[in-house]
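Numbering (UniProt numbering), first residue to last: 1 to 277.
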């Protein structure tokens, strides 16, 4: 289902590659009446549901915010996670939101809204967690076969703990990670706490570990995810931020995110500026 939807939206994206953004991005989007939203097909951030419809916290939040900014239609465009920032900067999308952590490296390529949530990491492991894996350090200590997703921040966290990058198994997404753990191909798949707890709900052979903060250079990492914009689109990003802040203050943001598994503990006052440092 996702493949066919991605192919269809990919055709739309390809036709949009020839467009060159000019002037104020928000004015342009209002004139078009449509904003193209890059997503990565990952539950619960942005994905195709069983009816073949795009949904997830990113598309649903984008619908609310852009409606208030005068843009009536959100058009999700599915691609793999590693292609999101290149696709944004090459005009395939107008904005990206796909459970993307805000970090220094990405901040050198795009500009971010303030995060709508904060997130800890978690592992998918076999039932009973036979290797007792509760941190990246545990993975290194036990020599567990480790996997994570394409372009995930968890790659860097494992390497920072001492896991050889060449030995990391890179998989398409968390569903592939669950399958790899269940089949015994790997011992552990790392992702966000929200992603792992959602994907194991229907599994009888795997479970998610308790959320934890990765340690990098002796400091615990608490990540935040937000919408990414081209560096030239500061006015669009600022207008988006204004609406996000209103929703945070009123509690509406949590009401939009809660159906997708978010908890109050994952709401945040972190800023993009803090996370970009």
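Where a beta carbon is used, it is the ideal one built from N, C-alpha and C, also for glycine.
Remember, predicted model here, so these are calculated numbers, not experimental data.
query	result
Is the beta carbon of residue 117 closer than 8 Å to that of residue 225?	yes
Helix, strand or coil, according to DSSP, for residue 192 in the structure here?	strand
If you drop the 5 nearest sequence neighbours on each side, which residues of the same chain put their C-beta closer than 7 Å to that of residue 216?	157 and 160
Of the residues 162, 176, 54 and 144, which one's Cα is nearest the Cα of residue 199?	176
Do we get a CB-CB distance below 8 Å when we pair residue 272 with the residues of chain E?	In the structure shown, chain E cannot be found, because there is only a single protein chain.
Distance check for residue 192 and residue 120, CA to CA, integer angstroms please.	6 Å
Using DSSP with H/G/I as helix, E/B as strand and the rest coil, what is residue 21?	Because the pLDDT at residue 21 is just 44, under 50, the model does not fix this residue reliably, and the value given afterwards should be weighed accordingly. It is coil, neither helix nor strand.
Could you give the distance in angstroms between the alpha-carbon of residue 277 and the alpha-carbon of residue 93?	26 Å
Using alpha carbons as the reference points, say which of 62, 152 and 87 lies closest to residue 237.	62
Please confirm whether residue 239 and residue 188 have their CB atoms less than 8 Å apart.	no
Do you know whose CA, among 81, 182 and 85, lies nearest residue 123's CA?	182
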